[in-house]
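Heads up: the sequence lines are chains H and D, in that order.
Quick note: the first sequence uses our numbering, first residue 3, plus one each step.
Quick note: the second sequence uses our numbering, first residue 2, plus one each step.
Notes for the one structure printed next.
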Amino acid sequence: MFHWLEKNPFFFSVGVFLVIAFAGLVEILPNFAEASRPVVGLKPYTVLELAGKEVYKKDACIACHSQLIRPFKSETDRYGQVSLSGEYAYDRPFLWGSKRTGPDLHRVGNYRTTDWHENHMWDPTSVVPQSIMPAYKHMFTNIADIETAYAEAVTVKNVFATPYGDEFQGTRAAWEAHKPKVLADAKLITADMKNKDVKDAVEAGNIPEIVALIAYMNRLK
Amino acid sequence: MQSNAALEYDYSVAKLFTYTTILFGFLGMLLGTLIAAQMAFPELNYMLGEYGTFSRLRPVHTNTVIFGFTLSGVFATFYYVGQRVLKVSMAESKFLMFVGKLHFWLYFVGALVATVSLLLGYSQSKEYAQYEWPIDIVIVLIWVAWGTSLFGLIGIRREKSLYISMWYYIATFLGIAMLYLFNNMSVPTYFATEGLGNFMHSVSMYSGTNDALVQWWYGHNAVAFGFTVPIVAMIYYFLPKESGQAIYSYKLSLLSFWGLMFVYLWAGSHHLLYSTVPDWMQTMGSVFSIILILPSWGSAINMLLTMKGEWNQLTENPLIKFMVLASTFYMLSTLEGPIQAIKSVNAIAHFTDWIPGHVHDGVLGWVVFMIMAALFHMAPRMFKREIYSKSLMEKQFWLQTTAVVLYFTSMWIAGITQGMMWRAVDEYGNLMYSFIDTVAVLHPYYAIRALSGVLYLTGFLMFAYNMIKTMTVSRELTQEPQFKSPMA
């Protein structure tokens, strides 16, 4: 049979494809209906939080930080309650990471504050003297893309039935109507911050990346 | 594999991909060395503003070595090996010649655009699948172009029976196509709304645990079909060609090929042990990872036995040395991986530096060594000149071998140290170390790893220099060497 296959590239390719596709069908598909259910009380990300998640993705925080607390006492002591599948139901993509050069962040909102993050992102060694994390000063001047975050919210609502309110529509008018809400959320964050440029930017209607990122960090609980 | 002197093969596309292998190899390894040094000396994060931090550069490093260096090497060897084992020249078909060149230029321009997009921060944040959707579409086009070349060449072949290397190239094509398409499924937000926000942005089709499953089914097997399968294709061709020895066992090659195809895909979930994916999937991942030793070692042992009775070549020919060491590192790496996939070992190893340590003994010791050996073997045949310097090749071999050993030993120690410190408790059951203690202790190992990067990069520069000299000023050959590559 193998000699025959080696002379018939078409059937050879079909054979290879079947053999490699098999595992995916058996191992991955059965989980799909089960695993996408949210835990009770899980709220979708706000637009500001989504914009913060985008900053997290843009600067690849995932390269050094995980968001997955494994079921060991040493991990629950350090980071809090073990992670549950349903907590990730609205995470597109998942951000578990594969390397902990820095600590896990899945429940960082429980034990770090806006003020701490502001100091830490400006200069990590100011709060953790031995830290090897780079400073992310550019996040204090770069403006977060909240319009794209809003577009993402509308997309997941329409395509994946993520429970956002009726006011989330894909029109420019709906976005303009929602924008003040995002700015109000941002002001709640900047109320606890001290960087004057950041505060001024938000007052002028521009939200620096750091504000969105902190909103996202505070949400991780 | 009898020689066929009457046929003139056309290596123009193989040559183009050879150049990009060298270029992207240099860039990828330079970035790797830089980010390794950043972990030891954080001040190095601030050389390029927001574009120079570890986190921004790390995906650029991984993508440049995977899709830049390795894929270029795969394509370069394919456009060389494919013609020779199928006994057909690309020059015989104007269409295939055109597709081959289109393939290269699409790839080259695509690679540059993709790299810039990562530096700017356009990222799906899925490992080794960071590129946003417009770039994914370009990648699909590149892949279709390669498929057209691959099956086009097969279509007009003279040698009816496909040689082992061709099985592996076909599997590479199919495997990556399937994995890449499914893992990158996403909805562009710009088109799902009235053109709101950034055109490049998209949102993943899968969420949470499902996304994790699909991602690691992809992530693990992108390694399989990018770093294992096509490299095995190379060694099955180049080791017999360089040594003049026939493959030890056809049956063993059959067993390893079909075994690898069937088993590899199951093992992806070993990246998700103790996560929120169901237990049975985790167990399947562990079990199949152990089984995976069989087909992996099958290929490696087949290669080593091919050298049976001819071990003197190891001392006489540095190219044989590269390939034998590559097989050996393949064995080391494919034993280490399954060990890390055992749940109790994974509890310590996961999230630590042992994982990048494992990846790099595989890629530096196996993938890069094999690709460099392949290009060294091809150079005298493509450029009709002898290899510029044997002694430089010998020095390069030992320098890079030392570098790989330094890399994985330092990362083994770093990983196990950190894994043990995370879980250490005092006599009252409280955690003994704060997180930062477990970072500070790693400094010497990070410094050793950065040094190993410098050594390896230096070795790669010696390779590049040797290749460029071979292409341009080395002594010309009057006829094609049959087995051992001539070198000065």
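Here a beta-carbon is modelled for each residue, glycine too, at the ideal position from N, C-alpha and C.
| Query | Result |
| --- | --- |
| For S128(H), the three-state DSSP class (helix, strand or coil) | helix |
| Contact test: N121(H) Cβ vs the ligand FMN heavy atom, cutoff 7 angstroms | Looking at this structure, you won't find the ligand FMN or any other ligand, since it has none at all. |
| T78(H): contacting residues in chain D (beta-carbon distance under 9 angstroms) | Here the premise fails: no neighbours, minimum Cβ distance about 11 angstroms. |
| Segment limits, alpha helix (DSSP H) that includes V364(D) | No alpha helix (DSSP H) contains V364(D), which DSSP labels as neither H nor E. |
| Proximal residues to I254(H) (C-beta, below 7 angstroms), its chain only, five neighbours per side dropped | Coverage of chain H is limited to positions 3 through 223, which leaves residue 254(H) absent and any answer about it impossible. |
| Continuous beta strand (DSSP E) stretch holding V204(D): start and end | 203-205 |
| Closest residue to F152(D) among M179(D), S187(D), V100(D) (Cα-Cα distance) | V100(D) |
| Between the CA atoms of L253(D) and T307(D) - distance to the nearest angstrom | 12 angstroms |
| Alpha helix (DSSP H) segments (min. 4 residues) lying fully within the segment 66-92 of chain D | 72-87 |
| Members of the segment 416-428 of chain D that neighbour chain H once the beta carbon cut-off is set at 9 angstroms | Q419, W423, R424, A425, V426 |
| Where the segment 87-114 of chain H meets chain D: residues whose CB sits under 9 angstroms from a CB there | S87, G88, E89, Y90, A91, Y92, D93, R94, P95, F96, L97, W98, G99, S100, K101, R102, T103, G104, P105, D106 |
| Chain H within 8 angstroms of L506(D), Cβ atoms only | Not covered by the structure: residue 506(D). The range shown for chain D is 2 to 489. |
| Residues that Y238(D) contacts on chain H, provided the C-beta gap is smaller than 8 angstroms | Going along chain H, no residue has its Cβ under 8 angstroms from Y238(D), so there is no contact; the nearest lies around 15 angstroms. |
| D11(D) - DSSP class collapsed to helix/strand/coil | coil |
| Close beta carbons around T402(D), own chain, < 7 angstroms, minus the five adjacent residues each side | L326 |
| Where Q3(D) falls, given that 16 or more other Cβ within 10 Å makes a residue buried | Confidence at Q3(D) is low in this model, with a pLDDT of 48, below 50, so its placement is unreliable and the value that follows should be read with caution. With fewer than 16 other Cβ atoms within 10 Å, it is exposed. |
| Proximity below 8 angstroms, CB of S187(D) to CB of W144(D) | no |
| Beta-carbon contacts of D125(H) that lie in its chain and below 6 angstroms, excluding the five residues immediately before and after | A137 |
| CB contact check: K181(H) to chain D, cutoff 8 angstroms | no |
| Counterpart residues of M488(D) in DSSP-defined beta bridges | I388(D) |
| Those runs of the alpha helix (DSSP H) which lie wholly inside the segment 258-306 of chain D and span at least 4 residues | 280-292 |
| Closest Cα partner of Y108(D) within the set Y80(D), S90(D), I140(D), L121(D) | I140(D) |
| Within-8 angstroms CB hit, M2(D) to chain H | Its pLDDT being 45, under 50, M2(D) is placed unreliably by the model, and nothing is read from it. |
| Sheet register partners of K9(H) (DSSP bridge) | Answer is none; K9(H) lacks a bridge partner. |
| Terminal residues of the beta strand (DSSP E) in which S328(D) lies | No beta strand (DSSP E) holds S328(D); the alpha helix (DSSP H) holding it covers 319-342. |
| Boundaries (first-last residue) of the alpha helix (DSSP H) holding S56(D) | 55-64 |
| V204(H), buried or exposed, once every other Cβ within 10 Å from all chains shown has been counted against 16 | buried |
| For R424(D), the nearest candidate out of A35(H), E77(H), D187(H) (CA to CA) | E77(H) |
| L70(H): contacting residues in chain D (beta-carbon distance under 7 angstroms) | S276 |
| Three-state secondary structure assigned by DSSP to E205(H) | helix |
| Segment contact flag, the segment 146-164 of chain H with the segment 7-20 of chain H, C-beta cutoff 8 angstroms, min 3 pairs | no |
| Partners in chain D for F74(H), counting only beta-carbon separations shorter than 8 angstroms | Y275, A348, R424 |
| Segment limits, alpha helix (DSSP H) that includes P231(D) | 230-244 |
| Distance CB(S205(D))-CB(S257(D)) smaller than 8 angstroms | no |
| L432(D), DSSP secondary structure in three states | strand |
| Outcome for N5(D) when other beta-carbon atoms lying within 10 angstroms are tallied against a minimum of 16 | For N5(D), the predicted structure reports a pLDDT of 48, less than 50, and the residue's modelled location is therefore unreliable. A value from the coordinates is still provided. Exposed: under 16 other Cβ atoms inside 10 Å. |
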